[in-house]
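> The structure that follows is given in the form of structure tokens.
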Amino acid sequence: MNITKSGNRSNAVNGRNDANSRSRVRTFAGLVSGVCAAALLLTGCGGGDQDAGSVPSGWGTLKTKGVDVSYPKGSGGYVEQSAAERSKHNAAAAVRTENGTTVSTITVQLDFTNADSAEEAAIAAEAGVQLGSTLKGEKDVKLAGTDEAKRVDFEFSSTGEKGTPPKGTRIQGVILTGLDSRKKTFAVRIDAQKGALDDADLKKIIDSVQVH
Numbered sequence: 002m003n004i005t006k007s008g009n010r011s012n013a014v015n016g017r018n019d020a021n022s023r024s025r026v027r028t029f030a031g032l033v034s035g036v037c038a039a040a041l042l043l044t045g046c047g048g049g050d051q052d053a054g055s056v057p058s059g060w061g062t063l064k065t066k067g068v069d070v071s072y073p074k075g076s077g078g079y080v081e082q083s084a085a086e087r088s089k090h091n092a093a094a095a096v097r098t099e100n101g102t103t104v105s106t107i108t109v110q111l112d113f114t115n116a117d118s119a120e121e122a123a124i125a126a127e128a129g130v131q132l133g134s135t136l137k138g139e140k141d142v143k144l145a146g147t148d149e150a151k152r153v154d155f156e157f158s159s160t161g162e163k164g165t166p167p168k169g170t171r172i173q174g175v176i177l178t179g180l181d182s183r184k185k186t187f188a189v190r191i192d193a194q195k196g197a198l199d200d201a202d203l204k205k206i207i208d209s210v211q212v213h
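Residue numbering for the sequence shown follows this note's numbering, beginning at 2 and increasing consecutively.
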């Protein structure tokens with residue numbers, strides 16, 4: 002996932018009728034180029050009674066100064082990428098592959114835009130979702146360490162580039178976003194080829210998020 006930092010704020014979302022909101026959403030769309038441009042081009046979405054911020058036994062954790070997120074590892078699980086392997090826009094990333102094809106990614110970006118609220122951060126995330134994606138909705142989400150966070154769901158088709166699912170394969174995406182204790186934006190993005198990440202594990206990943 003690539004969310005490039007913007008120098009302005011916006012306070013709008015696609016389809017809202019307020020004139021100022023529409024103007025500001027256009028500003029975001031122009032400045033936030035690529036909320037998801039580099040999620041390994043895959044560019045998912047869980048059951049369980051896990052408490053927010055808890056890490057299931059045997060899972061690994063992507064740790065950053067703004068937010069942590071955990072993931073299933075081991076056989077058939079995710080592998081954390083080094084700084085040299087991941088996009089320069091990502092503070093942390095983990096990938097899951099099957100037969101050499103990346104079928105799911107988890108990425109973390111920090112301070113990707115200027116925002117005063119989780120709502121503004123979500124607007125920036127929506128504005129940056131790549132062309133051709135279908136936004137499925139935005140809603141409040143409970144994340145440990147913050148009282149305000151948003152979840153954005155979307156879907157798109159794989160480009161079929163090397164190492165990604167065949168062209169046209171539908172990919173589901175989830176972005177969890179808001180502000181950390183420093184009032185800087187964070188975005189945890191989970192992408193998965195349909196059928197590659199079950200609802201139970203998705204929920205556990207979301208519930209593992211810890212904002213600092």
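Think of the CB as a built atom: it goes at the ideal place given N, C-alpha and C, for glycine as much as any other residue.
Roughly how many angstroms separate the alpha carbons of residue 200 and residue 102, rounded to a whole number?
Taking the sequence shown and counting its residues from 1, the one referred to as residue 200 is at position 199. Taking the sequence shown and counting its residues from 1, the one referred to as residue 102 is at position 101. Taking the straight line joining both Cα atoms gives about 21 Å.
> When you compare only the Cα positions, how much space is there between residue 212 and residue 185?
Within the sequence shown, the letter at position 211 stands for residue 212. Within the sequence shown, the letter at position 184 stands for residue 185. Taking the straight line joining both Cα atoms gives about 11 Å.
> Using the rule of at least 16 other Cβ atoms within 10 Å of the residue's Cβ for burial, across every protein chain shown, is residue 164 buried or exposed?
Counted from its first residue, the sequence shown places residue 164 at position 163. Looking at its Cβ environment, which holds fewer than 16 other Cβ atoms inside 10 Å, residue 164 is exposed.
> Exposed or buried, residue 190, counting other C-beta atoms within 10 Å across all chains shown (16 or more means buried)?
Along the sequence shown, one-based indexing puts residue 190 at 189. Flag for residue 190 reads buried.
> With C-beta atoms as the reference, is residue 94 less than 8 Å away from residue 108?
For the purposes of this step, residue 94 is taken as residue 93 along the sequence shown, with counting starting at 1. For the purposes of this step, residue 108 is taken as residue 107 along the sequence shown, with counting starting at 1. Contact: yes.
> By how many angstroms is the C-alpha of residue 128 removed from the C-alpha of residue 33?
Within the sequence shown, residue 33 is the residue found at index 32, counting from 1. Within the sequence shown, residue 128 is the residue found at index 127, counting from 1. Residue confidence for residue 33 is low, a pLDDT of 41 falling below 50, so the modelled location carries little weight and cannot support an answer.
> Under the three-state reduction of DSSP, which class applies to residue 40: helix, strand or coil?
In the sequence shown, the residue the question calls residue 40 occupies position 39. Residue confidence for residue 40 is low, a pLDDT of 44 falling below 50, so the modelled location carries little weight; the figure read from the coordinates is stated next. Coil, per DSSP.
> With 16 as the cutoff for other CB atoms within 10 Å, does residue 87 come out buried or exposed?
Here the question's residue 87 lines up with position 86 in the sequence shown. With 16 or more Cβ atoms within 10 Å of its Cβ, residue 87 is classed as buried.
> Check residue 85 in the structure and name its three-state DSSP category.
Here residue 85 is taken as the residue at index 84 of the sequence shown, counted from 1. If DSSP states are grouped into helix, strand and coil, residue 85 belongs with coil.
> Strictly under 8 Å for the Cβ-Cβ distance: is residue 113 near chain B by that measure?
No chain B is part of this structure, which consists of one protein chain only.
> Please report the Cβ distance between residue 71 and residue 176, rounded to the nearest whole angstrom; I am assuming they are in contact, meaning their Cβ atoms lie under 8 Å.
Locating residue 71 in the sequence shown gives position 70, where the first residue counts as 1. Locating residue 176 in the sequence shown gives position 175, where the first residue counts as 1. Their Cβ separation, rounded to whole angstroms, is 17 Å, which puts residue 71 and residue 176 out of contact at 8 Å.
> Quick one: using the 10 Å Cβ neighbour count with 16 as the cut-off for buried, is residue 152 buried or exposed?
Mapped onto the sequence shown, residue 152 falls at position 151. Residue 152 should be labelled buried.
> Give the DSSP-derived three-state secondary structure of residue 15 in the structure shown.
For this step, residue 15 is matched to residue 14 along the sequence shown. Confidence in residue 15 is poor, its pLDDT being 40 and thus under 50, which makes the residue's placement unreliable; the coordinate value appears in the next sentence. Three-state result, residue 15: coil.
> Assuming the contact rule is C-beta atoms closer than 8 Å, residue 137 and residue 171 should be a hit. Round their C-beta distance to whole Å, please.
As a first step, residue 137 must be located in the sequence shown, where it is residue number 136. As a first step, residue 171 must be located in the sequence shown, where it is residue number 170. With a Cβ gap of about 12 Å, residue 137 and residue 171 do not count as contacting.
> For residue 158, which residues in the same chain have their Cβ closer than 8 Å to its Cβ, ignoring the five residues on either side in sequence?
In the sequence shown, residue 158 corresponds to position 157, counting from 1. These residues qualify, in order along the chain: 133, 168, 169, 170, 171, 172.
> Would you tell me roughly how many angstroms separate the C-alpha atoms of residue 83 and residue 100, rounded to the nearest one?
Within the sequence shown, residue 83 is the residue found at index 82, counting from 1. Within the sequence shown, residue 100 is the residue found at index 99, counting from 1. Whole-angstrom Cα-Cα distance: 21 Å.
> Once DSSP output is grouped into helix, strand and coil, what is the label at residue 136?
Taking the sequence shown and counting its residues from 1, one reaches residue 136 at position 135. Of the three classes helix, strand and coil, the one that applies to residue 136 here is strand, per DSSP.
> Can you give me the C-alpha to C-alpha distance between residue 91 and residue 210, rounded to a whole angstrom?
The sequence position of residue 91 within the sequence shown is 90, counting from 1. The sequence position of residue 210 within the sequence shown is 209, counting from 1. Going from the Cα of residue 91 to the Cα of residue 210 covers about 16 Å.
> Starting from residue 208, follow the alpha helix (DSSP H) in both directions and report where the run begins and ends.
Numbered from its first residue, the sequence shown carries residue 208 at position 207. Taken as a continuous stretch (DSSP letters only), the alpha helix (DSSP H) holding residue 208 covers 200-209.
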